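Chemist:
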Amino acid sequence: MKIERENKELLQKIKTISRKGFNNIETINDEDIDFLTQNIKSTDKELVEKIYWAIGQIGINKPDKIEHLINYAFEDLENECPKIRENALFAIGRTGRKDITLIEDKINKIVKMNKDENARVRMAMIWACENIANNKASLFEHYIEIFEEMLNDDDEQYVKKEIPEIFRIIGKYNPELVEKSLDKLRKKLNDKNKVMRIHINGAIKVIEKGILKNIEIGNINKRNFT
C-alpha cells in the first residue's frame, strides 16, 4: 500500500509539472526539472511515459530547460514499452518545433519509427515530423518516399488518418518537395477511410496553392500540377 501511495504521488507530481509546462511555463523551477531528470530512467514504465509527456509540454515553450533530457527520448525510441516510445516521440516533436537544433541531426532516428509494430507509435512518428516540419520542413526532403509508403499503411484508426497531414505541412512551406506526391495523394481520394479522404483533400489544396505561388515566382514547373 505504501509503494502504491508513493507511486500515485509521483504520478501526480508529474501531472502537475506537465500542466505548469503547458499553461504557465514561468512557474517551472529547478526542482521540477531535477525531479524529471532523477526519474527518467525509472523502472516504472508509467512514470517514464508521463515524464516524456511533461518534457514535451515544457519543450514546446522552454526547450533549454529540458535539452539535456532529449537524448534519453531518442534512446527510448527502442524501449520495449510502446507507450514510452509514443511519448518519447511526443517530447521530441514538441521540443523540435520550438528548437530545431536539438533534434535536426537525428531526423533519421525519428522517421525510421515508420516500421514500428505499434500503430500509435507510427502515428506519433508522423505527428512528431509534423511538429518539426512546422519549424523546418526541408529536413524531410529525403524522406518523402517513406511518407508516401505510409499512405498504404494497414492501420485505419491512427496512421491513415494522420499521414496526409505531413504532406499538408511540408506543402505549406516547401511545396516543391511534395509536388511529385500529388498523383499518389489523388489516388487516395477514393480510399475507404473517410477521415483520410478529407485530410488528403486538404493536403492537395495546400500543395497546389503552394505550387501556384512558386510558379508565379518561377521556382518550379507545372508538370505535376494538372
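According to our numbering, the stretch in the sequence shown is residues 89 to 314, in order. C-beta: ideal position from N, C-alpha, C; glycine also. Note that the structure is predicted; figures quoted are calculated from it, not measured.
By the three-class DSSP mapping on this structure, what secondary structure does Gln126 have?
Modeler: Position 38 of the sequence shown, counting from 1, holds the residue named residue 126. Residue state, collapsed to three classes: helix.
Chemist: Look at the alpha carbon of Lys153 and the alpha carbon of Ile198, and state the distance between them as a whole number of angstroms.
Modeler: For this step, residue 153 is matched to residue 65 along the sequence shown. For this step, residue 198 is matched to residue 110 along the sequence shown. For Lys153 and Ile198, the distance between alpha carbons rounds to 22 Å.
Chemist: Which same chain residues end up closer than 7 Å to Lys194 when comparing Cβ atoms and leaving out the 5 residues on each side of it in sequence?
Modeler: The residue labelled residue 194 in the question sits at position 106 within the sequence shown. If we look at Lys194 and ignore the five residues flanking it on each side, its Cβ neighbours are Phe162.
Chemist: Since Leu277 contacts Ile288 with CB under 8 Å, what's their CB separation in whole angstroms?
Modeler: Working through the sequence shown from its first residue, we reach residue 277 at position 189. Working through the sequence shown from its first residue, we reach residue 288 at position 200. So it is a contact: roughly 6 Å between Cβ atoms.
Chemist: Grouping DSSP H, G and I as helix and E and B as strand, with all else coil, what is Thr104?
Modeler: Locating residue 104 in the sequence shown gives position 16, where the first residue counts as 1. Helix.
Chemist: Is it buried or exposed, Arg173, if we count other Cβ atoms within 10 angstroms and call 16 or more buried?
Modeler: The residue given as residue 173 occupies position 85 in the sequence shown. Flag for Arg173 reads buried.
Chemist: List the whole-angstrom C-beta distance separating Glu218 from Ile257, where the pair is believed to meet the contact cut-off of C-beta under 8 Å.
Modeler: As a position in the sequence shown, residue 218 is number 130, starting the count at 1. As a position in the sequence shown, residue 257 is number 169, starting the count at 1. At roughly 5 Å, the Cβ-Cβ gap stays under 8 Å, so Glu218 and Ile257 are in contact.
Chemist: So, using beta-carbon positions, are Lys260 and Val294 closer together than 8 Å?
Modeler: In the sequence shown, the residue the question calls residue 260 occupies position 172. In the sequence shown, the residue the question calls residue 294 occupies position 206. Yes; because the gap between Cβ atoms is below 8 Å, this pair is in contact.
Chemist: Should Ile305 go down as buried or exposed, given a rule of 16 or more other Cβ atoms within 10 Å for buried?
Modeler: For the purposes of this step, residue 305 is identified with residue 217 of the sequence shown, where counting begins at 1. Exposed: under 16 other Cβ atoms inside 10 Å.
Chemist: Just confirm the distance between the C-beta atoms of Ile158 and Leu124, as a whole number of angstroms; I'd bet it's less than 8 Å.
Modeler: Translated into the one-based positions of the sequence shown, residue 158 becomes position 70. Translated into the one-based positions of the sequence shown, residue 124 becomes position 36. No, Ile158 and Leu124 are not in contact; Cβ-Cβ is about 12 Å, not under 8 Å.
Chemist: Where does Leu273 fall in DSSP's three states?
Modeler: By 1-based counting over the sequence shown, the position of residue 273 is 185. Looking at Leu273 - three-state DSSP - the assignment turns out to be helix.
Chemist: Which residue's Cα is closest to the Cα of Gly147: Leu135, Ile105, Pro252 and Met213?
Modeler: What you label residue 147 is simply residue 59 of the sequence shown in a count that begins at 1. Gly147 has its Cα closest to that of Ile105, out of Leu135, Ile105, Pro252 and Met213.
Chemist: Starting from Thr183, follow the alpha helix (DSSP H) in both directions and report where the run begins and ends.
Modeler: The sequence position of residue 183 within the sequence shown is 95, counting from 1. Per DSSP, Thr183 belongs to the alpha helix (DSSP H) from Pro170 to Lys186.
Chemist: Asp243 by DSSP, collapsed to three states: which one?
Modeler: Taking the first residue of the sequence shown as 1, we reach residue 243 at position 155. If DSSP states are grouped into helix, strand and coil, Asp243 belongs with coil.
Chemist: Take Asp243 as the anchor and find which of Ile220, Arg210 and Asn302 has the nearest alpha-carbon.
Modeler: Stepping through the sequence shown from its first residue, residue 243 is reached at position 155. Closest option to Asp243, Cα to Cα, is Arg210.
Chemist: In the DSSP assignment, find the alpha helix (DSSP H) that holds Asn222 and state where it starts and stops.
Modeler: Within the sequence shown, residue 222 is the residue found at index 134, counting from 1. Note, Asn222: alpha helix (DSSP H), Ala207 to Lys224.
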